[in-house]
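Numbering (the UniProt record's numbering), first residue to last: 1 to 1194.
A virtual CB, placed ideally from N, CA and C, is assigned to each residue, including glycine.
If you're wondering where the values come from, they're calculated on a predicted model, not measured in any experiment.
Scroll down for the structure; my scribbles are underneath it.
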C-alpha cells in the first residue's frame, strides 16, 4: 500500500494577478510536510511558487498509476479566486493573471476531476484558501442541478475533502504575534502532531477525527472562518497519521528505522519477530511446569543458608556443584533454568510433584555465574493445580507483585506464609528465608510448603497444545521466513495486496445490514480486514455469510477462534443453511468424526445443482435492493444539504436584518437568479459603478456590502433549488419497505438456495466425489493421516473450522486457504494465530477489544529479556501493539490495518440494558435495533438495581464474598422464576468465593451450577435474564476496591449477557461513590438525559411549540418500545416523533436506521413518524402538519 502526498504553496504573485503576496504558504507546506512524513508515512512532493503548468504536472504525477490499495493526498496553501461569471473556484499559481483564470490559474474542477479518475482507494484534499468550500461540492455542479451532485456523492468512492472555510468565506493568515502558520494549517498540524486522540485504540488518527478537531479548534479560537468537510463514497475510517506515541518505533535501541527496507532486512525482521513470539510461548509454558518429584535429574535443592536470590537481590551467584548438570546447552533451546522458593510438594506419593511458590527465570553467564534476568512472580501453574480459578490466581498474583520486595528475607518469609494460608496449603516445619533447609523432607510424605529453595530445568514441550504451536514455528514459520510476506501475515508489516481481480458475488443467506456487507466486501477484496464486533452486533451472522460468499466464489475458507463455543456456533449456523458448508476439525474427537461428516455430505448432495440460475436470481434481487438504497441515499444527501442551508441562510440574512427590500427577494424564487449577475457586475473594480448605483437605489445596499448580498442571493438560490428537488424525490416509505422486504426475506431465501446449489455442483462432480470417498477410507484406516490428500480435498469441501490452538492439525502449507477468519481475535494472543494466518492468502480478524482480554501467564519482567534477546525494546513492542503480554491478535493486526470496520447495529439486549455500555464504552456509535417483541419477557424497567446494605468478608481461601448480597440474589432469582417461568436465568459475579456461596444458596431452587459463574466464565454466553452480584460494599480492601472500579471491560461483559432484563443486586450507595460502568448505572436516576446537540434541541423546541399551539399534548425524550423518541405527542392518538438531523455526510444508512426504529415502535402498536430536522428549523408549521397527519391516519 502506497501513501503519496503533494503539497502546493504559493506566496508570491507578481505581474498582473492583482493578488497581494501571502506570508504563510512556505511555512505551511513545511509544517504539513513534517506531519505527513513523520506521522503519516507519506511519500511527499512539494511545489512552492510554481506556475500553472508545473502544478498540473505534479498533480498528474500524484494521481496517475495508483491502485486501490493506495492513499493519495493533495494540499493547497494559496489564494482562492472565484470566476466572476460562474463562481467557479481557481487556485492561484505564480503566473496567474486577472481576467485570465482559465488559462493561468489551476481550475479546482479539473483537480476534482483528476481525483475522481484516480484509482487510489482513498483520496484526501486539504485546502487552505479563500472560498475553498466550493471544492467539496464540485464547482461545476451548480450549473447542472442538485441531482448530479447527490448521485456523485453516492457513487464516487473514497474521497474526503477538508477546507479552510465555506464557499463564501475567506481564509485568514495570523495577526502579528500569532505564529507563522495560517489559522487553518496551524489547527491541521496541531491535530496531526498530538491534538487528536486515538479514539478506537488502533494507533491511527483518521481524517474524520482530524476534521472534528480542526472545526472545534477554529470555533474555540473564534476564527472568522468555518472549516467544512465533504466526503464522497467513503466507507469506514481513512487513516491520515499515527498518534504521537506510536509513530516512532524504537527497535532494538535504534534511534529510528527506515520504512523502506531491503528484502534481506524484511527476512531478518520477520525472523526476529517470529522468534520472539516462539520464545514467549515456550517460556510461558516452561514457567507453568510442575516437576515430578522423582525426576531428580530436572531439579536441585539449593544448599542451606540464607536465601540468595529473592533476599539477596538476584545475584550473580556461583552455580552449586550439583546444579551444573541443569544448565541448558545450545541444543536445549526449549529448556530454561528457573529458581524458586519455598518448595511446595503436592499430590499423592505415587504422583507427587514439586514446584516453588515464587519463581524467577535465571541464566548462567560466560563466567559460569547464575543470576536472575526477569522479575520474580507467583507460580500461577501451581495455584491452578491447587484449584484456584483464573480470577483468584490473577488477584493473588497482583498482590504478590505489589509486596514481593527483593533483599528483605523477613518480608519474603511473611509473604510466603500469607500466600500459603490463602491457598490452604500447610507449612511443614518453619519458614525462614534467612536459614534455608538443604534437603526435602519426604518421609513420611506430607503435602505442604517446605523451607527449601529449588533450581530446576523447565521444558516447554511438556504442554501438548503449545507443543504443536512451537512445532509450527520451528518447522513451518521460521524455515519459511523469506515467504512469510506472501501470506496473510504480510499484512502485519503493512504489506498490502488486493484480491479484486478474482470475481465474487455477495451471498447473504440470512439478513445482513450494510456494515456487515461492507466487511464481507473488504474480506473478499483485501489481504487483511479487521473488524470490531461489540456484543449482539451479528458477528456469527457475518462470519456465516462470509463463509457462504467465499465458498460460492470458488474460494477455500477456514474459520478459527480461541474457544470451541464460537467455532461451534458458526458451524451450527452453516449446517442449518447447507450441511457440509463447514467441516469441523482440530481436536482428536473432531478428526474421528470427520469420515461420518464427509459421508453425510455425499448422501446429501446426489443430484447436480443449478447454481448459475440461483446466482442470477440473487443478482437481480440485489440490484433492485441497491437501486432502492440509492433512492434513500439521495434523500439523505439532500436533507443534509437542506440542513446546511438552514444554517447558511441564517448567517446570510444577518447583515440585512430589518431590511425588508432585501429579505423580500427570498420569497420570490426567481429573484436570486435575476439579481446575482447584477451583483457580480457591481463587484468589478472599474466598470461596475453603474450596477452599484442601481443596486443601492433599488435595495439600499452600499458597495461595501456587495459580498454579503452575493452570499445572501447565492444561498437563497440554492435553497429554492433544493426545495424543488425535495418535492421530486420518491416516497421514502415505499422505498424503505421495498428495500427491507428484499434484504430480510427475498435475498436471504434466494442466497440460501444458491449456496446449496453450489455445493451440489461441487459434490456431484465425479472427480470430487472420488476425493471425498478416498478421504473417508483413508481416515477410517488411520485417523492420524489427516494431512494426506487434504489439499486436493479442498476442491470438494472448501470450508473448514477449528480452534486457534489446533492449527497443527492442518496441512502445513503456505497459503493453504484463500481466506482465514479469526473470530474472538481480541481474546487471543497474536502468537497463537500466526501459524493459522501463514496458511492463509487473506484474513479477517474480528473481535471486541472491550471484552475481557486473554490471560497470559508471562509477566512484563519475563518478556523484557526475551524481547532484548531478539533486538526489540519492550516500549516499541507495546506501542506497535505487538507485545505478547499486553496486546492481542486484534490489537496487532488493527494497528497494521489501513482501517478498522465496526459492526454498529445491536440486536441482542433490550435498549435499556445496552444504553450505558453503548454510551460509555462504544461512544454511542451503536444503533440499537433490538426488537422487544422477540425477547423472552418484558421487565419494566429492563434494568433494576436491588439495593442491599451488605458487608464484604475475605474467606480463608480466596478473594471476597458478600453474604447479604448473596441472600438477596436468591430472592431475585426466585422472583424472576415466578414471573418468567420459561426464561433462561443466569447469575454472574466477579469473585470465585461469591460463586461458591451462591451455588450453595441456590441449589435447592433447582438452579444448576452452569447457570452461576464468574464474568470470565460467562464471556461468550447470554441469558434472557441476568442477576449481577458485584460484591463491592463496606469492608472491601483498598486493593479489591481499586480492581473492581477499574474493570470496565469486565462489567461490559457482565451487563451485555442479559437479553431481556438485568437485575443488579448490590450496595447502591457504595457504588454511587465509585466510578465506572456500575457507578453510572447506580446513579442513572440522578443524571440528566437532556440532549447535548443544540441544533436538535432547537428543532425539537420549534416543533414542540407549534404542536402545543395547535392543542396537542407533548412529552420530551420519552421511551416507546425501547426506543428514545424526541417528542411523544397526544393528538387524538399517541405518536412518537423521531427527529433526523442528517448528521452523516456519507450515505443514507443513518436514514435507514431511523426508519428501522420507526418500524420497531409501530410493531408494538404505537404510531411513529420521522421528521427531518431542517424542516423543524425552517418550516415548523409544515413539520407539525406531517405529525398530525400521521396521528390522524388510520
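- Contact annotation: the segment 23-33 touches the segment 173-191, with at least three C-beta pairs closer than 8 Å.
- Taking each of 844, 860, 19 in turn and checking the Cα distance to residue 488, the smallest one comes out for 844.
- By the neighbour-count definition (other C-beta atoms within 10 Å, threshold 16), residue 306 is an exposed residue.
- Between the C-alpha atoms of residue 43 and residue 121 there is a straight-line separation of about 16 Å.
- Taking 4 residues as the shortest admissible run, the segment 399-471 contains the following complete alpha helix (DSSP H) segments, listed from N- to C-terminal end: 409-422.
- When Cβ pairs closer than 8 Å are counted between the two stretches, the segment 28-42 is seen not to touch the segment 91-108, the count staying below three.
- Secondary structure at residue 107: strand, using DSSP grouped into helix, strand and coil.
- Residue 560 and residue 840 have their C-alpha atoms roughly 12 Å apart.
- Per DSSP, residue 363 is one residue of the beta strand (DSSP E) stretching across 353-364.
- At a Cβ-Cβ threshold of 7 Å, residue 163 and residue 132 count as neighbours.
- Here residue 962 is buried, its C-beta having at least 16 other C-beta atoms within 10 Å.
- By the Cβ rule, the segment 744-762 counts as touching the segment 572-589, because three or more pairs are nearer than 8 Å.
- Contiguous beta strand (DSSP E) elements confined to the segment 1062-1131 occur at 1113-1116, 1127-1131, taking only those with 3 or more residues.
- Per DSSP, the continuous alpha helix (DSSP H) segment holding residue 675 begins and ends at 671-682.
- Below 8 Å, too few C-beta pairs join the segment 913-920 and the segment 883-895 to call them touching: fewer than three.
- Your pair residue 688 and residue 661 does not check out as a contact, with CB atoms roughly 20 Å apart and the cut at 8 Å.
- Per DSSP, reduced to three states, the secondary structure at residue 510 is coil, with no helix or strand assignment.
- Contact between residue 508 and residue 751 holds: CB atoms are separated by about 5 Å, below the 8 Å threshold.
- Listed as beta-bridge partners of residue 299 by DSSP are 456.
- The C-alpha of residue 171 lies about 25 Å from the C-alpha of residue 205.
- Of all alpha-carbon atoms in 230, 396, 820, the one lying nearest the alpha-carbon of residue 528 is that of 820.
- The secondary-structure analysis by DSSP pairs residue 607 with nothing; it has no beta-bridge partner.
- Remark: fewer than three beta-carbon pairs, one from each stretch, lie closer than 8 Å, so the segment 876-883 and the segment 1024-1040 are not flagged as touching.
- Put simply, the segment 1161-1173 touches the segment 1132-1142. At least three CB pairs are less than 8 Å apart.
- DSSP places residue 25 within a helical segment (H, G or I) once states are collapsed to three.
- When DSSP states are grouped into helix, strand and coil, residue 852 belongs to the coil group.
- For residue 1156, the closest of 740, 794, 988, 1005 by C-alpha to C-alpha distance is 740.
- CA-CA distance, residue 466 to residue 477, rounds to 15 Å.
- Residue pairing by DSSP places residue 377 opposite 359 in a beta bridge.
- Judged by beta-carbon spacing, residue 935 lies within the 7 Å limit of residue 1060, meaning their Cβ atoms are closer than that value.
- Between the beta-carbon of residue 111 and that of residue 59 there is about 6 Å, and that keeps the pair under the 8 Å contact cut.
- Taking the C-beta atoms as reference points, residue 342 is found nearer than 7 Å to residue 449.
- Here the alpha carbon of residue 1025 sits roughly 8 Å from the alpha carbon of residue 1063.
- If you draw a 10 Å sphere on the C-beta of residue 57, you find fewer than 16 other C-beta atoms in it, and that means exposed.
- Judged by their CB atoms, residue 19 and residue 76 are not nearer to each other than the 7 Å cut-off.
- When DSSP states are grouped into helix, strand and coil, residue 946 belongs to the strand group.
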